[in-house]
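*Asks:* Here the sequence shown is numbered in our numbering, starting from 38 and rising by one per residue.
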Amino acid sequence: MSAPKFTTLGCRLNAYETEAMKELSQQAGLGNAVVVNTCAVTAEAVRKARQEIRKLRRENPEAPIIVTGCAAQTEPETFAAMEEVTRVIGNTEKMQAETWNEIAKGPDFIGTTEKVQVDDIMSVTETAGHLIDGFGTRSRAYVQVQNGCDHRCTFCIIPYGRGNSRSVPAGVVIDQIKRLVDKGYNEVVLTGVDLTSWGADLPATPRLGDLVMRILKLVPDLPRLRISSIDSIEADENLMQAIATEPRLMPHLHLSLQHGDDLILKRMARRHLRDDAIAFCEEARRLRPEMTFGADIIAGFPTETDAHFENSLKLVTDCDLTWLHVFPYSKRDGTPAARIPNQVNGSVIKERAARLRAAGDVQVSRHLASQIGKTHRILMENPHMGRTEQFTEVAFAAAQSEGSIVTAAITGHRSTQLTA
Numbered sequence: 038m039s040a041p042k043f044t045t046l047g048c049r050l051n052a053y054e055t056e057a058m059k060e061l062s063q064q065a066g067l068g069n070a071v072v073v074n075t076c077a078v079t080a081e082a083v084r085k086a087r088q089e090i091r092k093l094r095r096e097n098p099e100a101p102i103i104v105t106g107c108a109a110q111t112e113p114e115t116f117a118a119m120e121e122v123t124r125v126i127g128n129t130e131k132m133q134a135e136t137w138n139e140i141a142k143g144p145d146f147i148g149t150t151e152k153v154q155v156d157d158i159m160s161v162t163e164t165a166g167h168l169i170d171g172f173g174t175r176s177r178a179y180v181q182v183q184n185g186c187d188h189r190c191t192f193c194i195i196p197y198g199r200g201n202s203r204s205v206p207a208g209v210v211i212d213q214i215k216r217l218v219d220k221g222y223n224e225v226v227l228t229g230v231d232l233t234s235w236g237a238d239l240p241a242t243p244r245l246g247d248l249v250m251r252i253l254k255l256v257p258d259l260p261r262l263r264i265s266s267i268d269s270i271e272a273d274e275n276l277m278q279a280i281a282t283e284p285r286l287m288p289h290l291h292l293s294l295q296h297g298d299d300l301i302l303k304r305m306a307r308r309h310l311r312d313d314a315i316a317f318c319e320e321a322r323r324l325r326p327e328m329t330f331g332a333d334i335i336a337g338f339p340t341e342t343d344a345h346f347e348n349s350l351k352l353v354t355d356c357d358l359t360w361l362h363v364f365p366y367s368k369r370d371g372t373p374a375a376r377i378p379n380q381v382n383g384s385v386i387k388e389r390a391a392r393l394r395a396a397g398d399v400q401v402s403r404h405l406a407s408q409i410g411k412t413h414r415i416l417m418e419n420p421h422m423g424r425t426e427q428f429t430e431v432a433f434a435a436a437q438s439e440g441s442i443v444t445a446a447i448t449g450h451r452s453t454q455l456t457a
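#1: Could you tell me which residues DSSP pairs with Gly-423 in its beta bridges?
#2: If I follow the unbroken beta strand (DSSP E) through Gly-449, where does it start and stop?
#3: Excluding sequence positions up to five away, which residues of its chain have a Cβ less than 6 Å from the Cβ of Asn-379?
#4: At 4 residues or longer, and completely inside the segment 327 to 367: list those alpha helix (DSSP H) runs for me, N to C.
#5: With distances taken between CB atoms, is the gap from Thr-233 to Ser-265 smaller than 7 Å?
#6: Under the three-state reduction of DSSP, which class applies to Thr-242: helix, strand or coil?
#7: From Met-250 to Ile-103, what does the alpha carbon distance come to, in whole angstroms?
#8: Let me check understanding here. Comparing Cα to Cα, which of Glu-89, Glu-96 and Ala-390 lies closest to Ala-108?
#9: Just the C-alpha distance for Ala-134 and Leu-358, rounded to the nearest angstrom, thanks.
#10: So the beta strand (DSSP E) Val-182 belongs to, where does it begin and stop?
#11: Ala-446: buried (16+ other C-beta within 10 angstroms of its C-beta) or exposed?
#12: Express the C-alpha separation of Arg-376 and Met-277 in angstroms, rounding to a whole number.
#13: Please confirm whether Glu-327 and Pro-288 have their CB atoms less than 7 Å apart.
#14: May I have the straight-line CA-CA distance separating Leu-416 from Ile-280, to the nearest angstrom?
#15: Just to confirm, is the Cβ distance from Asp-477 to Cys-193 under 7 Å?
#16: Assign Val-125 to buried or exposed, taking buried as 16 or more other Cβ atoms, counted over all protein chains shown, within 10 Å of its Cβ.
#17: Specify, as a first and last residue, the run of the beta strand (DSSP E) that Arg-189 falls within.
#18: Can you tell me whether Thr-149 is buried or exposed? The criterion is at least 16 other CB atoms within 10 Å of its CB, across all chains shown.
#19: Going by beta-carbon coordinates alone, are Ile-195 and Leu-255 separated by less than 7 Å?
#20: Looking at the structure shown, is Ser-204 part of a helix, part of a strand, or coil, going by DSSP?
#21: Residues in its own chain within less than 7 Å of Leu-67 by CB, not counting five upstream and five downstream?
#22: Taking the alpha helix (DSSP H) that Asn-223 belongs to, which residues open and close that run?
#23: Just the Cα atoms here: how many angstroms apart are Arg-87 and Val-71?
#24: Cα-Cα, which of Ser-349, Cys-76, Gly-383 and Ile-267 is closest to Val-182?
#25: For Arg-392, tell me which candidate among Gln-437, Ile-334, Ala-436 and Ala-374 has the shortest Cα-Cα distance.
#26: Who are the Cβ neighbours of Leu-310 in its own chain at under 7 Å, not counting the five residues just before and after it?
#27: So, helix, strand or coil for Ser-438, using DSSP?
#28: Taking the beta carbon of Ala-396 as the centre, do at least 16 other beta carbons fall within 10 Å, making it buried, or is it exposed?
#29: Near Ala-207, which residues of its chain fall below 6 Å by C-beta distance, leaving aside the five closest residues on each side in sequence?
#30: Of the residues Gly-236, Thr-55, Gln-427 and Ala-117, which one's Cα is nearest the Cα of Ser-202?
#31: Just the Cα atoms here: how many angstroms apart are Met-305 and Phe-428?
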């Protein structure tokens, strides 16, 4: 019996959940099947999911195709209407053993169950963050501590795919990280949909900084703790304290900024203004001078003028951002932004996104040049490539031990990598 094939589209959290689904389907004894874990962050992501499903059907003409993930959650009827699709399951259902047990009953399971199994994600109050240990490379493990989002940014469909914010209790997180350290992992990355909202639904409403401090105190053998993406306006006092005083907390933060103009930020229903973003970056660098930032920025949000866009472009240098994730605005049906009458022309969006990416390339080059001659502790992801504490790739000519932390002097750079 052949094992099911999995295809993951979208974010790191989706990749994490695919690993959990592999375990659940294996425990259920599921054989020949194709599982597609979709993304809904943009209309283009949904189009790519449909395209991928059609390709997988051509490659696997006899296998049932099971579609899940955020796009399946937000628009199940789109995928149920595809003749290639056998079953559509929601984001909650995909993490439940009984779902996979039912699917694995036999070749006629489709005839005995409904094609669409997608419940109301807003009714979910728990997250299955503890299901797997050690997803990632042999060097770096990802730990889901939070899922869902309570905010309603006008451009975003994700809360309707992920539900409201749910936190994994600190004790569960710490036990998992201890197991990962025992297995030899040298770095753990905390992940979630809205990471800085961690704890709001737990007793005593702890904050993300409390969790970070507890992990570093209670898992003293963990060499490196990394935070994935945060909303800087929600950074709490203990998180800033950890940035200032804990060398095992990595000096790299990816910020959900989205734009650099106050009016557009308000129309996005963001909770920060331009000056808030700049002040946070300045304060974090004051506390930790080697801090580097990544950021999400959207180009071409409805009503964005040239002047609005220039404020976003200028934010790249005002915040001294290094690693940019640029998103050309994509109209998502069901979001308030889709109903704004003054939508920006597609060619203008494309041109603005290209200008942002070019600004990002300049920032990367500046960062790489500034590191030459410095000595870094580098976590090896494979024998010839590792990452600094600031998440910069370093290429090695001589093979190193995968998963080890190597101290090396930086001798140069090429493309987006340092060399050592």
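C-beta: ideal position from N, C-alpha, C; glycine also.
*Replies:* From the atom records:
#1: On the sequence shown, residue 423 is found 386 positions in, with the first residue counted as 1. Bridge partners of Gly-423: Met-417 and Val-431.
#2: Residue 449 sits at position 412 when you count from the first residue of the sequence shown. In this chain, the beta strand (DSSP E) harbouring Gly-449 covers 449 to 451.
#3: As a first step, residue 379 must be located in the sequence shown, where it is residue number 342. Pro-339 and Thr-340.
#4: As far as the segment 327 to 367 is concerned, its whole alpha helix (DSSP H) runs of at least 4 residues are 343 to 355.
#5: Position 196 of the sequence shown, counted from the first residue, corresponds to residue 233. Position 228 of the sequence shown, counted from the first residue, corresponds to residue 265. No, they are not a contact pair.
#6: Along the sequence shown, one-based indexing puts residue 242 at 205. Reduced to three states, the DSSP call for Thr-242 is coil.
#7: By one-based count along the sequence shown, residue 250 stands at place 213. By one-based count along the sequence shown, residue 103 stands at place 66. Distance between the alpha carbons of Met-250 and Ile-103 is about 40 Å.
#8: Within the sequence shown, numbered from 1, the residue matching residue 108 stands at position 71. Residue Glu-89 is the option with its Cα nearest to Ala-108.
#9: Here the question's residue 134 lines up with position 97 in the sequence shown. Here the question's residue 358 lines up with position 321 in the sequence shown. If you take the alpha carbons of Ala-134 and Leu-358, they lie about 42 Å apart.
#10: Counting from one through the sequence shown, the residue named residue 182 turns up at place 145. Here Val-182 belongs to no beta strand (DSSP E), and DSSP marks it neither H nor E.
#11: Here residue 446 is taken as the residue at index 409 of the sequence shown, counted from 1. Burial call: exposed.
#12: For this step, residue 277 is matched to residue 240 along the sequence shown. For this step, residue 376 is matched to residue 339 along the sequence shown. Computed Cα separation, rounded: 38 Å.
#13: Taking the first residue of the sequence shown as position 1, residue 327 is located at position 290. Taking the first residue of the sequence shown as position 1, residue 288 is located at position 251. Taking 7 Å as the Cβ cut-off, Glu-327 and Pro-288 qualify as a contacting pair.
#14: Taking the sequence shown and counting its residues from 1, one reaches residue 416 at position 379. Taking the sequence shown and counting its residues from 1, one reaches residue 280 at position 243. Between Leu-416 and Ile-280, the C-alpha separation is close to 20 Å.
#15: With the chain covering 38 to 457 only, the question about residue 477 has no answer from this structure.
#16: Sequence index remark: in the sequence shown, residue 125 carries index 88 (1-based). Here Val-125 is buried. Its C-beta has 16 or more other C-beta atoms within 10 Å.
#17: Residue numbering aside, residue 189 sits at position 152 when the sequence shown is read from its first letter. First-last for Arg-189: undefined, no H or E at that position.
#18: If you number the sequence shown from 1, residue 149 lands on position 112. Its pLDDT being 41, under 50, Thr-149 is placed unreliably in this model, and the value from its coordinates should be taken loosely. Exposed: under 16 other Cβ atoms inside 10 Å.
#19: As a first step, residue 195 is located in the sequence shown; it is residue number 158 there, counting from the start. As a first step, residue 255 is located in the sequence shown; it is residue number 218 there, counting from the start. It is not a contact, given that the beta carbons lie outside the stated cut-off.
#20: Position 167 of the sequence shown holds residue 204. Annotated three-state conformation of Ser-204 is strand, per DSSP.
#21: In the sequence shown, counting from the first residue as 1, residue 67 sits at position 30. Taken in chain order, the residues that qualify are Pro-41, Trp-137, Ile-140 and Ala-141.
#22: Position 186 of the sequence shown, counting from 1, holds the residue named residue 223. Counting along the chain, Asn-223 falls outside any alpha helix (DSSP H), and DSSP gives it neither H nor E.
#23: On the sequence shown, residue 87 is found 50 positions in, with the first residue counted as 1. On the sequence shown, residue 71 is found 34 positions in, with the first residue counted as 1. Those two C-alpha atoms are separated by around 14 Å.
#24: Here the question's residue 182 lines up with position 145 in the sequence shown. In terms of Cα proximity to Val-182, the closest of Ser-349, Cys-76, Gly-383 and Ile-267 is Ile-267.
#25: By one-based count along the sequence shown, residue 392 stands at place 355. Arg-392 has its Cα closest to that of Ile-334, out of Gln-437, Ile-334, Ala-436 and Ala-374.
#26: One-based indexing of the sequence shown puts residue 310 at position 273. The beta carbon of Leu-310 sits closer than 7 Å to the beta carbons of Asp-299 and Leu-302 from its chain, once the five residues preceding and following it are set aside; these are given in chain order.
#27: Your numbering for residue 438 matches position 401 in the sequence shown. Three-state DSSP puts Ser-438 in coil, outside helix and strand.
#28: On the sequence shown, residue 396 is found 359 positions in, with the first residue counted as 1. When all chains shown are included, Ala-396 counts as buried.
#29: Taking the sequence shown and counting its residues from 1, the one referred to as residue 207 is at position 170. Only Leu-248 and Arg-251 meet the Cβ criterion.
#30: Looking up residue 202 in the sequence shown gives position 165. Comparing Cα positions, the closest option is Gly-236.
#31: Residue numbering aside, residue 305 sits at position 268 when the sequence shown is read from its first letter. Residue numbering aside, residue 428 sits at position 391 when the sequence shown is read from its first letter. Our two residues, Met-305 and Phe-428, have alpha carbons roughly 29 Å apart in a direct line.
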